[in-house]
Amino acid sequence: MKTTIEKLFSFEGKVIIITGAAGAIGSAAGHLFASLGANVVISDLNEEGARKVAAGITQETGREALGIKTNATVESDLETLVQTTINKFGKISGLINNVGWGAATPIWGSDTDKMVKSYLLNTVGAYNLTKLCMPYLEKEANASVVFSGSMVGVSPSPEFIEYSTAKAGLMNMVRSMAVVSGPKVRFNTVLIGSVDNGDSTLAAGYTPEMLKALSDMFVMKRRGVPVEIAYGMMFLMSDAAQWITGIDLRIDGGGTYKSKMPGKD
Amino acid sequence: MKFMNFENYFDLTGKVAIVTGGGNGIGKACCLMLAKAGASVSVTDLKFEDAKQVADEILQAGGKAIALPCNVTKDEDLVAVVDRTVKEFGGIHILVNNAGGGGGGRENPRQFGVDKFAWVFQLNVFSAWRLSQLCAPHMKTGGYGSIINITSMSSVNKSPNMSAYASSKAAMNHMTANLAMDYGVDNIRVNAVGPGATKTAALASVLTPEIEEKMLAHTPIKRLGEADDIAGAVLYFASPISGWVSGQVIFVNGGGVQTLD
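Listed in order, the protein sequences are those of chains E and V.
Position in the first sequence (first residue = 1) + 1248 = our numbering.
Position in the second sequence (first residue = 1) + 828 = our numbering.
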């Protein structure tokens, strides 16, 4: 009886571009989709990292994977990414706009330059790449684009003022894309809680003690692991999700909770 | 890279599921999907004959299932379903609160009383809360728990003549978020799936070609839902791959809004 389910979640013959894919979540997605039959394009600003992840995927799955350097804020880099993918694999069936980053900033410590840079990286880059991919996506069956959203984009996040406002913008952009692009291409967001992605989290200003305290705040009493986000992306891209577009799927350990009656929880 | 093997992503072998309203439509599709993933399924329905047909279909395909009669508004029925399931399969890991009713644009507030309103809540909300309460201890003992509430687009839409049904489904959404908090400590996840207009016998009773055309005009993916579209989302929430997802409501609705008016 299992074959029907394997078919629903098979990515055999699909070509999927993943940005920010040298990092923890992006590379987990790369491994996952390749293990389900896809050819994946591992795009990252970190060229060595991208090549390494792609080589690891090929070694592990036997699937051809491409590692390529992309600065998501440079349009010519995005064009190269799309063209190289087409030259190599001939099509684009899925896109994961995963790249993004934000630093902790005091709420009144930002400025135009920091704000614009965050918007260019976290929002505009995804818009530009998606636009370039659309002509190819529209030719493929059950084509789909998944965006990495963040819980900071839906809740007040004064600690991450540049990042959170850019992510909020991104998520509304996805909904707009979704309502006009069906039935050819589906657009969804995974809304990511705090995931253990190693160095990136530490670079954003967290200490191990802070991370322990953060884990305890979640309903599931832990931070997520990267592949749990990749599983959500996989579900949204699969044939099981063919009637799903324009949604935000929260993968956040049930969220965090603080009692409104301090001391009584 | 720590992965489960693909066989494990959706592998529910050894898991036991209860599906209410499992005899037809979305509930039936959920039963078949969970059984395909290897779960033993208690197919429960007000109409025992329908439940039995679904259970037989699963058995014939090599799966495990029992059929049980269940009126979810009767506490003794809910208790019996849990007892029989545990007796038969040794535990409970997955609960799909799918049984429900009301709505259909038939709730003119000038023409029904508070008793009918209370009945709709009894059917759609209290039953799901009570069955979750009955199943949770078994999920805790079994070390795996996923409760999936079938809500509705009406929980967020504004429509005429839907005040009882729509508000009961809105209550279900919020109950989902709250129970996720309560049962999270026992590693039980609580999520909801909100179907848009899905092609079932229940929808056929109110659908006209004109209404369908209007619905599709507001739906990016230009078709109405199939029961399997909903069952796919239920499978995601039932499976180990959604282990860090709780308290969520996802709408499976072709990206759009389908209303009867």
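All C-beta atoms, glycine included, are put in the ideal place defined by N, C-alpha and C.
Exercise for the section: Go ahead and pull the three-state DSSP assignment for Glu935 of chain V. Expected result: strand
Practice task
Anything in the region 1403-1430 of chain E with a Cβ closer than 8 Å to a Cβ of chain V? List those residues in chain order, please.
Solution key: Ala1426, Val1427, Val1428, Ser1429 and Gly1430
Handout entry: Lys843 of chain V - DSSP class collapsed to helix/strand/coil
Key = coil
Practice task
Could you tell me which chain V residues have their CB closer than 9 Å to the CB of Val1288 of chain E, listed as they occur along the chain?
Solution key: Going along chain V, no residue has its Cβ under 9 Å from Val1288 of chain E, so there is no contact; the nearest lies around 13 Å.
Practice task
Indicate whether at least one CB of chain E lies closer than 8 Å to the CB of Gln1086 of chain V.
Solution key: no
Practice task
Return no unless some Cβ of chain E is closer than 8 Å to the Cβ of Val984 of chain V.
Solution key: no
Exercise for the section: With a cut-off of 8 Å on the beta carbons, I'd call Thr1333 of chain E and Ile1344 of chain E a contact; round off their distance for me. Expected result: That belief does not hold up - the Cβ atoms of Thr1333 of chain E and Ile1344 of chain E are roughly 13 Å apart, past 8 Å.
Exercise for the section: Quick one: which residues of the region 1289-1306 of chain E get their C-beta closer than 7 Å to a C-beta of chain V? List them in chain order. Expected result: none
Handout entry: Among V:Ala1061, V:Leu1007, V:Gly851 and V:Ile975, nearest to Asn1098 of chain V - alpha-carbon criterion
Key = For residue 1098 of chain V there is no data in the structure shown, the boundaries of chain V being 829 and 1089.
Practice task
Assign Asp1292 of chain E to one of three DSSP states: helix, strand, or coil.
Solution key: strand
Practice task
For the region 1401-1419 of chain E and the region 1300-1317 of chain E, state whether three or more C-beta atom pairs, one from each stretch, are separated by less than 8 Å.
Solution key: no
Practice task
Check whether the Cβ atoms of Leu1497 of chain E and Leu1439 of chain E sit closer than 8 Å, and answer yes or no.
Solution key: yes
Practice task
Determine, using beta carbons only, whether Gln1076 of chain V comes closer than 8 Å to chain E.
Solution key: yes
Practice task
Please list, in chain order, all residues of the same chain as Pro1406 of chain E whose beta carbon is under 7 Å from its beta carbon, the five residues on each side excluded.
Solution key: Ile1355
Handout entry: Residue interval of the beta strand (DSSP E) (run including Ile894 of chain V)
Key = Lys892 to Pro897
Practice task
Give a yes or no on whether 8 Å exceeds the smallest Cβ distance from Asp1014 of chain V to chain E.
Solution key: no
Practice task
Quick one: grab the DSSP three-state call for Asp1089 of chain V.
Solution key: coil
Handout entry: 6 Å CB neighbourhood of Leu1293 of chain E in its chain, flanking five on each side removed
Key = Asn1319
Problem - Beta-carbon neighbours of Tyr993 of chain V, restricted to chain E and to distances below 8 Å - result: The contacting residues do not exist; Tyr993 of chain V stays about 22 Å from chain E at best.
Handout entry: Extent of the continuous alpha helix (DSSP H) to which Arg1470 of chain E belongs
Key = That residue, Arg1470 of chain E, is in no alpha helix (DSSP H); it is neither H nor E in DSSP.
Exercise for the section: Would you check if the region 1319-1330 of chain E and the region 1373-1386 of chain E touch, i.e. whether three or more CB-CB distances between them fall below 8 Å? Expected result: yes
Practice task
Go through its chain and collect everything with a Cβ distance to Asp1359 of chain E's Cβ below 8 Å, but skip five positions before and after it.
Solution key: none
Exercise for the section: Flag Tyr1064 of chain V as yes if its beta-carbon sits less than 8 Å from any beta-carbon of chain E, otherwise no. Expected result: yes
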